[in-house]
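Working notes, beginning with the structure itself.
There are 2 protein chains.
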Amino acid sequence: MEGYGRFLALLVSALLVGFLSVVFSLVWVFHYREGLSWDGGSGEFNWHPVLAVTGFIFIQGIAIIVYRLPWTWKCSKLLMKFIHAGLNTIAMILAIVSMVAVFDYHNARNIPNVYSLHSWIGLTAVIFYSLQLFLGFAVFLLPFAPVPLRAALMPIHVYSGLTIFAAVIGAALMGITEKLLFSLSNPDYSALPPEATFVNCLGILLVIFGALILWMASRSQWKRPPEDNAKILQSIGETPEGTEEESTMTDGSNADKSDLRINSEAARKQNLKFDEAGQRSTM
Amino acid sequence: MEGYGRFLALLVSALLVGFLSVVFSLVWVFHYREGLSWDGGSGEFNWHPVLAVTGFIFIQGIAIIVYRLPWTWKCSKLLMKFIHAGLNTIAMILAIVSMVAVFDYHNARNIPNVYSLHSWIGLTAVIFYSLQLFLGFAVFLLPFAPVPLRAALMPIHVYSGLTIFAAVIGAALMGITEKLLFSLSNPDYSALPPEATFVNCLGILLVIFGALILWMASRSQWKRPPEDNAKILQSIGETPEGTEEESTMTDGSNADKSDLRINSEAARKQNLKFDEAGQRSTM
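Chain order of the listed sequences is D and A. First residue of the first sequence? That's 1 in my numbering, and the numbers climb one at a time after it. First residue of the second sequence? That's 1001 in my numbering, and the numbers climb one at a time after it.
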């Protein structure tokens, strides 16, 4: 792997910042707020930030870069797809439970639901995330989708995954803003009491986590190599160089498995493209 | 250009959504708020959302995709760099003026400055944006930076540009949340009066604008072709195919102009990479 040390440093930083975000969300609700419970009170609301940060941000972030971990490159692609889908399923469940906690809390206190921009964007993100998971499962995990369809949908899957991830972080930042404005009084938010500084720092951690994940996910040299084609090509004396130049943000369009020509340069590139699009269906 | 019709449809949508966002910010301050003035009152504060949306989001977004417009591909690269830098300079000035308006307003009313997460991330974004502009100017516009340095910094320039753009939209969403919570009472935000619905829609427009710009900026097939190298290569019978496979999110590392070998496949790729990194220094 090119730049292995740099990758490792970024991975450790991302894990550290992500883990710290989860710890910060727990300290927030246990030290500054009413802890956790499930009784329609503030303790139930508090599941919202904790599960959103843990599931919808930290676990989603890990799910995005799981194909990039070089230690997994000897595992089968199918296994990695299951891990990617599994992590995203866990994230989705936690996101939904975090939402239920807020609805329950609001209903118990007769507070209206889904009026703020935070809730509009957060709810939209949950819906798109579930759709993304369902479509990803149907197209890339189940064996029924034809290769051209996979190839056409792959760049959209990657792009929408990263965009939803960014939108979720945006929603979290709005949520922090709302909660601090609602809950701090004497001294209020503008006096910057310790809780405000602490939770602002949580917001900054979330932005740094997002930036690290997006950097790692968009470096082409850290993509999982398409090992099967690489082996075929090496056996006929070709090097699989083409793959390293394609980024995750690149279109992998119009691939076709049926015509496996490996004699010409153009055909070699097309086969690698098929491998990118058809077999390497996600990050 | 591959997929010209799709590009055009997306460009028109982005322009429409961006323009609509500016109109929404103006309707917000003129129809629902106190209009615009520069006297330390609410009218001065109102410059903040208007200039942030117009400059820091709309104009920045256009600056990001300006290299992608196929009609500009016959213009010199240097001219396009000036336009890219010029638009970003205008965006930076408007962002700074929008910030001054808030400081002025806060100081006139003895409201503390820079306490909220919105202000922390917004201010950080302005600082990073100015730094990005300064470094971009020094490395990619002035003729002094060696090609390997340009090549090494190009992917960072692209990545940080897009990340700052996303962070600015995140800051705007927090700003909207803050302002609606502060200014709406009887009925307040949770009753969703017309102003709240209208400004929530402005937030949604900003997210859609950001998503459109990020899609257009990350499609490799819509990059400006490196015409000089293409001409050289065509004159010796080679086709410049390598360029289309490199995305804007791809590392363009380790290029070196001094050794211009164009006989071998590897050297041809390296030369194209140099062109990407050295001459095509921005989006």
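Where a beta carbon is used, it is the ideal one built from N, C-alpha and C, also for glycine. Nothing here was measured: the structure is a model prediction, and the numbers come from that model.
Query, Result
"How about Pro-112/D: is its C-beta nearer than 7 Å to some C-beta of chain A?", "yes"
"When you compare only the Cα positions, how much space is there between Gly-3/D and Pro-226/D?", "18 Å"
"By the DSSP assignment, the alpha helix (DSSP H) with Met-92/D in it spans what residues?", "77-108"
"Kindly indicate if chain A contains any beta-carbon less than 7 Å away from that of Tyr-105/D.", "no"
"Using the C-alpha atoms, what's the distance from Pro-1112/A back to Glu-1044/A?", "16 Å"
"Relative to chain D, which residues along the segment 1193-1208 of chain A have a C-beta separation below 8 Å, given in chain order?", "Ala-1196, Val-1199, Asn-1200, Gly-1203, Ile-1204 and Val-1207"
"Would you identify the three-state DSSP class for Ala-1145/A, choosing helix, strand or coil?", "coil"
"What is the rounded straight-line gap between the Cα of Lys-74/D and the Cα of Leu-214/D?", "24 Å"
"Does any CB atom of chain D fall closer than 7 Å to the CB of Tyr-1004/A?", "no"
"Could you round the C-beta distance between Tyr-1129/A and Ile-1090/A to whole angstroms and report it? I think they count as a contact, below 8 Å.", "In fact, because the Cβ distance is near 12 Å, the residues do not count as touching under 8 Å."
"Where does Ile-111/D fall in DSSP's three states?", "coil"
"Looking at the secondary structure, which residues open and close the alpha helix (DSSP H) in which His-292/D lies?", "The question about residue 292/D has no answer here: the residues shown for chain D are numbered 1 through 283."
"Within this structure, are the beta carbons of Ser-21/D and Leu-205/D separated by less than 7 Å?", "yes"
"Under the three-state reduction of DSSP, which class applies to Asn-186/D: helix, strand or coil?", "coil"
"I want to verify the contact list: residues of chain A whose CB lies under 7 Å from the CB of Ser-116/D, in sequence order.", "Thr-1177 and Tyr-1189"
"Would you say the segment 96-110 of chain D touches the segment 39-56 of chain D, given that touching needs at least three Cβ pairs under 8 Å?", "yes"
"Considering only the alpha carbon of each residue, which of Glu-178/D, Tyr-115/D, Arg-68/D and Leu-123/D lies closest to Ala-95/D?", "Leu-123/D"
"How long is the line joining the alpha carbons of Pro-155/D and Pro-1194/A, rounded to whole angstroms?", "38 Å"
"Flag Trp-120/D as yes if its beta-carbon sits less than 7 Å from any beta-carbon of chain A, otherwise no.", "yes"
"Any contact between the segment 1133-1152 of chain A and the segment 1165-1179 of chain A? By contact I mean 3 or more CB pairs, one from each, below 8 Å.", "no"
"Do you know offhand how far Trp-1222/A's Cα is from Val-1114/A's?", "40 Å"
"On a CA-only basis, which of Arg-1219/A, Leu-1181/A, Gly-1005/A and Leu-1212/A is nearest Ile-1062/A? Give me that one, please.", "Leu-1212/A"
"Below 8 Å CB to CB, which residues in the same chain sit around Phe-1103/A once its five sequence neighbours on both sides are set aside?", "Asn-1113"
"Taking 6 Å as the limit between beta carbons, can you name the residues of its chain near Glu-1034/A, skipping five residues before and five after?", "Ser-1042 and Gly-1043"
"Cβ of Leu-181/D less than 7 Å from any chain A Cβ?", "yes"
"According to DSSP, simplified to helix, strand and coil, what is Lys-179/D?", "helix"
"Using a cut-off of 7 Å between C-beta atoms, extract the partners of Met-174/D located in chain A.", "Leu-1173, Met-1174 and Thr-1177"
"Cutting at 7 Å between CB atoms, please list the residues of its own chain near Ser-1116/A, excluding the five before and the five after it.", "Glu-1178"
"DSSP three-state call for Arg-1068/A: helix, strand or coil?", "helix"
"Indicate whether at least one CB of chain A lies closer than 7 Å to the CB of Gly-61/D.", "no"
"Just to confirm the assignment, what range does the alpha helix (DSSP H) spanning Ser-37/D have?", "Ser-37/D -> no alpha helix (DSSP H), and no H or E assigned at all."
"So what's Leu-1026/A in DSSP terms, helix, strand or just coil?", "helix"
"Pick helix, strand or coil for Trp-1120/A, following the three-state DSSP scheme.", "helix"
"What three-state label does DSSP hand Arg-993/A in the structure shown?", "Absent from the structure is residue 993/A, since the part of chain A shown begins at 1001 and ends at 1283."
"Name, please, each residue of chain A whose Cβ falls closer than 8 Å to the Cβ of Ile-169/D.", "Gly-1170"
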